[in-house]
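Numbers given in this note's numbering equal positions in the sequence shown, counted from 1, plus 425.
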Amino acid sequence: MSRRDDTTRGGGRGGEPPDNVIPFRRITRRRPPSAARRSREAPDDDELPQLDAAVAQAEERYRREKSDDARVELALWRGSRGLKRANHDDAAGAMADVEAAVTLAPERAEPYTLRGAVKRHFDDLLGALTDLDKAAERAPSDAEVYHQRAQVHGALGDHERAVANLNRAIQLDPHTASYYHLRGISLCEIGDKDAALFNFNKALKLEPRRASLYFTRATLFAEVERYEEALADYDRGLQLSPNSADLLFFRAATYQAMERYDDALKDYDRAIAASPDTASYHGSRAVALLHLRRFSDALADLDRAVELEPTNARLLHRRATALHMGYLVDAEGLRPLSSAVDDLNLALTMEPGRADLLLARAEVRLGMGEVAEALADVDASLASDPEHAQAHFIRGRLRELLGDRREALDDFARAIELAPETAAFWHERAMSLHLLGEFDDALADHDMAISLDAEDATLFSWRGMTRVFLGQLEGAIADFDQSVALEPDNPELRFRRGICHHNAHRLEEALADFNQAIALDPANPDFYFRRAGVLVTMHHRLSTAHADEAIIDYDRAIGMRPDRAEYYGWRSTAHYLLGNDALGAADLDTAITLDPDNGEFWFARAIRHHTAGRLEPMAQDLFQAGRLGHPSAKELIAKILRGVEDDP
426 MSRRDDTTRG GGRGGEPPDN VIPFRRITRR RPPSAARRSR EAPDDDELPQ LDAAVAQAEE
486 RYRREKSDDA RVELALWRGS RGLKRANHDD AAGAMADVEA AVTLAPERAE PYTLRGAVKR
546 HFDDLLGALT DLDKAAERAP SDAEVYHQRA QVHGALGDHE RAVANLNRAI QLDPHTASYY
606 HLRGISLCEI GDKDAALFNF NKALKLEPRR ASLYFTRATL FAEVERYEEA LADYDRGLQL
666 SPNSADLLFF RAATYQAMER YDDALKDYDR AIAASPDTAS YHGSRAVALL HLRRFSDALA
726 DLDRAVELEP TNARLLHRRA TALHMGYLVD AEGLRPLSSA VDDLNLALTM EPGRADLLLA
786 RAEVRLGMGE VAEALADVDA SLASDPEHAQ AHFIRGRLRE LLGDRREALD DFARAIELAP
846 ETAAFWHERA MSLHLLGEFD DALADHDMAI SLDAEDATLF SWRGMTRVFL GQLEGAIADF
906 DQSVALEPDN PELRFRRGIC HHNAHRLEEA LADFNQAIAL DPANPDFYFR RAGVLVTMHH
966 RLSTAHADEA IIDYDRAIGM RPDRAEYYGW RSTAHYLLGN DALGAADLDT AITLDPDNGE
1026 FWFARAIRHH TAGRLEPMAQ DLFQAGRLGH PSAKELIAKI LRGVEDDP
């Protein structure tokens, strides 16, 4: 890829899929479902009539006996029915029952616990906490009250208090796995992963056949990049619960983090089969598909995800990024790139001014050639987040395209200041310095980029090109050797090394590189053109008959790109070497027709006219070459004019 082609990528991330988007950390932030929420997922419709009957019997007993036992029994049945009504989203009925329970037995802890559970179900967390505090006052030795209070503290984000309550619950009842499990989750939120792992291990010792415990420990292992242990836990969880969509989804996430995308896809497929209407499953499978460059399939998944959650800005962002990536690789069969802008416009209506959305839209607009609009988006993104290194980097590239190279350098410098460990930032500044002719500074930046990423063949290749301009041909060849070693099947790298070998007069090595480049990419006309140049040089320097082979290569190159003037110009040289003056002259005429502002062609034709003794056309071509700034032509014209002045 040429540098200008590379620039159209727009942001340094163009060839990469969006962030992994598999939130291992997110599992620790999910509130463990209470009994109320678990039953809400699959309410038992047969229980309510039974509870109605139990409440009626308790009311009859209380009317008949007026005893404390009957009163407490009625309170507990009303509270239980209230919880069940909450599971059926009957807020009025649920609250009526639990309020009655508290009124009937205000001295008991259970009615407050039940009312707290109903309030929690309907997301009145502070109200739930007040009731659980009252329950703890009435039953200070009931471990479950502290457990439920810890759940509410965790949902409120107060994980220190959650841990304190769980400590008390475990002190009262050290044999309940759920208490250790929840304490481990809260400790994860606090950041104490070692203590969290101890608690997960303890929970599993108490309940070794509970799939959800393996699931949570696996997500912790995945978050700290202990992937093999995570996979072992997901496997064990799936043995116990083979159709768990969550286990499949998060195991897929682990495979994806390990770059085992085919394995990830198998699990995503199973998770989606188990839960086909979960948007996050489709969105995450799309990321794996993007890594495999299956753009159409990824977009189909993202279409489904957006259909399920049409106001999810993150999914819209991801779909826009996926389409942009597809265009950078192969746009065939994809919808117009403008639809990515539509997605980002919609996302920005939901979250106005969000810096990453503005930056993503800038990258897409750059891919569409809308440089000014892209620059406006980057400026807006930086106004929202002035410390965003990637935004400065992209603005630098945009300024390059607009010809503001010095301002671009300022942006690259700021990007480097904010994220000095990013090799791409040093690399881009190095290329800008190269284009400004500041090769020593460019070389220093190339060195820094390679020190940060010694596995990127492109970095060595570009440093090699800078060394060529500094006359450091041996160092350049060493860099090209390294780039080819890293990517032996990259024809462009062999092509660049071939040019360097040619410049260093290593003609056999140059020929071998161009041969290999052509074998890897036989449809690139430049490869034939450059190989022909080596063959012409070998004909000149080694007195070997290679001009015929050069003609064949020039013919191939011209057949592919008949509009390239330099191809005709150099083929003319081969024709003249073979004594085919008429063909050589015809090629020079074609070259001048295609590129009349190239002084090299006028000068070459002037020399041919001189050799043939055609002085008048020689003078015309020579003066045209001089007007176009050809240095040799200007020097020769000066000699001629001095000779005229000296002639007596």
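Cβ atoms here follow ideal geometry from the backbone N, Cα and C, with glycine treated the same way. Fair warning: this is a prediction, and the values are worked out from it, not measured in the lab.
- Cβ atoms of Leu476 and Ser505 come within 8 Å of each other, at about 6 Å.
- Within the segment 675 to 757, the runs of alpha helix (DSSP H) at least 4 residues long that lie entirely inside it are, in chain order, 686 to 699, 704 to 716, 720 to 733 and 738 to 754.
- Taking C-beta atoms as the reference points, Ala867 and Thr883 fail to come closer than 8 Å.
- The Cβ atoms of Arg921 and Phe905 lie closer than 8 Å to each other.
- Only buried fits Met750, as 16 or more other CB atoms lie within 10 angstroms of its CB.
- Of the candidates Ala1016, Leu554 and Arg593, Leu554 places its Cα closest to the Cα of Ala580.
- Here DSSP, grouped into helix, strand and coil, assigns Thr998 to helix.
- Residue environment analysis places Val961 among the buried positions, since at least 16 neighbouring C-beta atoms fall within 10 angstroms of its C-beta.
- Distance from the CA of Ala670 to the CA of Arg830, rounded to the nearest whole angstrom, comes to 52 Å.
- A distance below 8 Å separates the beta carbons of Leu823 and Leu791.
- Here the alpha carbons of Asn512 and Gly541 stand approximately 14 Å from one another.
- If you look at Asn590, you'll find it in the alpha helix (DSSP H) that goes His584 to Leu597.
- Taking every protein chain shown into account, the CB of Asn624 has 16 or more other CB atoms within 10 angstroms, so this residue is buried.
- As for any alpha helix (DSSP H) of minimum length 4 sitting wholly inside the segment 826 to 893, the runs are 830 to 843, 848 to 860 and 864 to 877, ordered along the chain.
- Here Glu650 carries a coil assignment [DSSP, helix/strand/coil].
- Pairing Asp980 with Tyr752, the inter-Cα distance amounts to about 32 Å.
- Of His1034, Asp865 and Gly828, the smallest CA-CA separation from Gly896 is found for Asp865.
- In the structure shown, Gly778 adopts coil according to DSSP, grouped into three states.
- According to the DSSP assignment, Glu798 belongs to the alpha helix (DSSP H) that extends over Val796 to Ser809.
- Boundaries of the alpha helix (DSSP H) harbouring Glu933: Leu932 to Leu945, taken from the DSSP string.
- With respect to the 8 Å criterion, Arg593 and Arg563 are not classified as neighbours on the basis of their beta carbons.
- In this structure, the straight-line span from the alpha carbon of Phe952 to that of Leu741 is close to 42 Å.
- Spanning the alpha carbons of Ala1037 and Leu1003 requires a straight line of approximately 16 Å.
- With contacts defined by Cβ atoms closer than 8 Å, Arg820 and Val796 do not form a contacting pair.
- Nearest neighbour of Arg919 by Cα position, chosen from Ile902, His930 and His546, turns out to be Ile902.
- Counting only the Cα atoms, Val789 lies some 8 Å from Ala799.
- Note on geometry: alpha-carbon atoms of Asn928 and Leu898 lie some 8 Å from one another.
- DSSP places His1034 inside the alpha helix (DSSP H), whose first and last residues are Gly1024 to Thr1036.
- Classified as buried, Ala1031 has 16 or more neighbouring CB atoms from the shown chains inside 10 Å of its CB.
- Straight through space, the alpha carbons of Arg955 and Met985 are spaced by roughly 14 Å.
- Where Ser603 is concerned, the enclosing alpha helix (DSSP H) starts and stops at Ala602 to Ile615.
- When Cβ pairs closer than 8 Å are counted between the two stretches, the segment 691 to 704 is seen to touch the segment 656 to 676, the count reaching three or more.
- Using a Cβ distance threshold of 8 Å, Gly994 and Glu1025 count as a contacting pair.
- Non-local beta-carbon contacts of Ser886 in its own chain, meaning distances under 6 Å to residues more than five positions away in sequence, involve Ser908, Leu918 and Arg921 in chain order.
- Annotated three-state conformation of Asn624 is helix, per DSSP.
- Your pair Arg608 and Val588 checks out as a contact, with CB atoms roughly 6 Å apart and the cut at 8 Å.
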